[in-house]
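Rendered as structure tokens:
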């Protein structure tokens with residue numbers, strides 16, 4: 001008869017988390033690093049008590065916003081290539097509901113996070129308790145049922161013994177390379193504190209193996225034949241390639257066969273910018289070099305990509321009449337996209353299997369790859385040197401704004417800096433191993449086109465969900481994953497206003513992050529979308545009730561929290577701020593006033609299918625709708 005140990009449900013949870021390990025290429029490490037928490041009604045007396053008394057090796061961080069701390073957990077797992085995670089726990093009701101956006105973010109990006117939302121009473125005796133919602137159709141329905149739509153696995157624990165099967169299933173999902181994502185286990189608050197005689201072997205060390213699944217001979221033979229039959233193949237690097245750590249093999253393959261490489265938002269930094277066959281990004285935020293390559297391709301080899309609309313330019317980027325597809329992906333569903341030849345296996349393993357089959361093969365690109373790359377680098381240099389001058393007005397820098405409006409912003413904000421020149425300067429000044437973090441607004445476009453990656457895994461863009469407010473919280477998670485590297489959160493004033501309170505957490509635990517806040521007094525990216533489709537300015541600029549531009553001092557906000565803050569209006573001030581920020585041992589906030597409409601513009605092939613109104617009093621809107629309908633004719637329908 002097996003021995004037992006008497007623990008509460010919450011104590012058993014914590015003990016189990018301490019015993020989970022992963023093995024990757026023979027290296028064994030703990031899987032759960034720690035727990036982010038905001039304690040309150042529903043979890044403080046259960047999970048809180050268990051963590052306070054017997055945390056084991058788990059690190060504990062007090063969050064300031066439930067969504068924010070969960071974003072930190074997401075970023076930590078992403079930066080660790082999904083091989084380490086944090087759990088997050090919040091109070092019953094609104095505290096747990098606040099984590100829903102983060103869970104959706106993790107789901108869209110296939111990032112493992114263990115959500116532990118507190119739930120209502122299993123006994124139902126005190127119902128309705130504080131923060132409980134009541135449904136007439138079912139007493140079993142709670143706030144936490146909303147997690148079902150945004151998790152890979154969902155469970156509710158209402159008896160202590162249910163915890164065992166729930167956790168075993170949860171960790172199968174969390175450690176599955178093909179289907180990794182968020183898991184939510186809702187534990188009723190009275191159940192958290194109930195005791196049970198758990199079998200001791202339940203807490204034995206468990207090792208979850210990330211074995212590399214090889215491709216079958218049939219898959220390798222078919223893929224090799226397609227490649228040999230092509231003249232202009234292009235490889236798309238997605239996040240599956242990064243998680244597989246396939247960067248060095250991709251470079252070898254590219255050189256052996258003279259195949260250009262282009263990267264998605266999440267695949268970028270799998271290889272570095274200085275690799276000779278790297279043509280940057282593709283799609284809506286693509287470089288001219290990357291988009292030209294895929295438009296002329298007769299074969300696309302997708303390595304770990306899911307082909308979202310920004311990658312495919314809403315399925316208009318590829319020449320579908322001449323282009324075939326091979327998809328190398330550990331996830332079978334993703335491998336089926338684009339009606340491709342499916343190779344369902346680990347990307348690094350597949351490349352190792354393919355290369356011997358392709359000996360002697362060379363694409364017909366020749367020196368075209370190098371020429372195209374140099375053409376793009378010249379354009380980047382031009383953007384770095386583009387200036388706004390009130391006396392010598394350049395319409396190209398102003399987009400849809402008039403000279404009078406640009407002058408108004410320059411006067412009120414006290415700046416003539418462009419977003420692109422500041423962004424490229426940051427790339428020049430940052431350490432080679434510094435990690436840049438972004439998520440939403442116009443900056444992801446600049447990140448994808450303009451940021452030159454100098455070291456692998458130093459580019460961290462959450463664009464699967466493009467969640468505003470991810471940037472600062474995400475930077476904290478990245479810093480926990482890479483404590484010896486400088487971390488820069490780049491974000492606009494709109495994102496800063498959405499969520500920035502994990503800056504306080506970074507200060508509290510002395511986890512230094514650097515916030516570079518580009519302030520153009522509005523939701524600039526959406527204002528661009530509005531104006532580019534015939535609409536007038538409406539609800540996207542930060543103006544007061546008198547119509548005046550709001551000039552907010554965000555540097556003062558950072559200073560009030562205790563961060564080292566800088567207010568920047570000139571390039572000289574920016575250079576000095578970045579240099580001084582490197583010397584600090586606390587978090588910094590560099591508040592840069594930049595002019596609107598000075599982000600990088602779309603390159604050829606960059607089209608995004610959005611819902612343009614088919615009925616309007618404005619001719620500009622009707623023209624935009626007509627243009628959209630015409631463009632849709634070239635898009636693939638499946």
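In full-length UniProt numbering, the protein residues as written are 1 to 638.
By construction, the Cβ of each residue, glycine as well, lies at the ideal position given by its N, Cα and C atoms.
| query | result |
| --- | --- |
| Touch test, the segment 415 to 435 against the segment 328 to 347, Cβ-Cβ under 8 angstroms, three pairs minimum | no |
| Beta-carbon separation (whole angstroms), residue 202 vs residue 61, contact threshold 8 angstroms | Contact flag wrong, Cβ pair sits at about 27 angstroms. |
| Straight-line Cα distance separating residue 529 from residue 329 | 33 angstroms |
| Cβ-Cβ distance between residue 579 and residue 588 below 8 angstroms | no |
| Among 537, 562 and 292, the one whose alpha carbon lies nearest that of residue 508 | 562 |
| Exposed unless 16 or more other CB atoms sit within 10 angstroms - verdict on residue 367 | exposed |
| Alpha carbon of residue 433 to alpha carbon of residue 124, nearest angstrom | 53 angstroms |
| Inter-residue CB distance, residue 191 and residue 159 (contact presumed, cutoff 8 angstroms) | 7 angstroms |
| Limits of the alpha helix (DSSP H) - the one that residue 71 falls within | 66 to 79 |
| Beta-carbon gap between residue 267 and residue 312 smaller than 8 angstroms | no |
| Close-in-space but distant-in-sequence residues of the same chain around residue 571 (CB under 8 angstroms, 5 per side omitted) | 417, 421, 422 and 425 |
| Whole-angstrom distance between residue 523 and residue 194, CA atom to CA atom | 49 angstroms |
| Own chain partners of residue 498 with C-beta closer than 8 angstroms, once the 5 adjacent residues on each side are dropped | 468 and 469 |
| Rounded separation between residue 526 and residue 610 - CA only | 12 angstroms |
| Beta-carbon proximity list for residue 243, same chain, < 6 angstroms, skipping 5 on both sides | 81 and 82 |
| Length-filtered (3 minimum) beta strand (DSSP E) runs lying within the segment 312 to 375 | 324 to 328 and 341 to 343 |
| Option in 541, 314, 65 and 292 with minimal Cα separation from residue 401 | 541 |
| Identified DSSP bridge partners for residue 608 | None, per the DSSP bridge assignment. |
| Under 8 angstroms between C-beta atoms of residue 265 and residue 452 | no |
| First through last residue of the alpha helix (DSSP H) which encompasses residue 250 | 247 to 257 |
| Where residue 602 sits in the DSSP three-state scheme | coil |
| Contact under 8 angstroms by Cβ, residue 114 with residue 75 | no |
| C-beta contact flag for residue 445 and residue 492 at 8 angstroms | no |
| Whole-angstrom distance between residue 460 and residue 476, CA atom to CA atom | 12 angstroms |
| The segment 33 to 46 contacting the segment 223 to 232, beta-carbon criterion three pairs below 8 angstroms | no |
| Expected contact under 8 angstroms - CB spacing of residue 318 and residue 294 to nearest Å | 6 angstroms |
| Pair within 8 angstroms by beta-carbon distance, residue 139 and residue 93 | no |
| Spatial neighbours of residue 258 in its chain, beta-carbon cut-off 8 angstroms, leaving aside the 5 residues before and after | 277, 362, 363, 365, 366 and 369 |
| Inter-residue Cα distance where the pair is residue 505 and residue 516 | 17 angstroms |
| CB of residue 723 within 8 angstroms of CB of residue 455, strictly | Only positions 1 to 638 of the chain appear in this structure, which leaves residue 723 out of reach. |
| DSSP-derived helix/strand/coil call for residue 564 | strand |
| Assigned exposure category for residue 619 - 16 Cβ within 10 Å defines buried | exposed |
| Same chain, Cβ closer than 7 angstroms to residue 550, five either side skipped, listed in chain order | 521, 542, 543 and 544 |
| Cβ-Cβ separation, residue 84 to residue 33 (assumed contact under 8 angstroms), whole Å | 5 angstroms |
| Identity of the residue in 13, 31, 209 and 591 nearest residue 554 by Cα | 591 |
| Beta-carbon spacing of residue 642, residue 503 below 8 angstroms | Look at the range of the chain in this structure, 1 to 638, and you will see that residue 642 is not part of it. |
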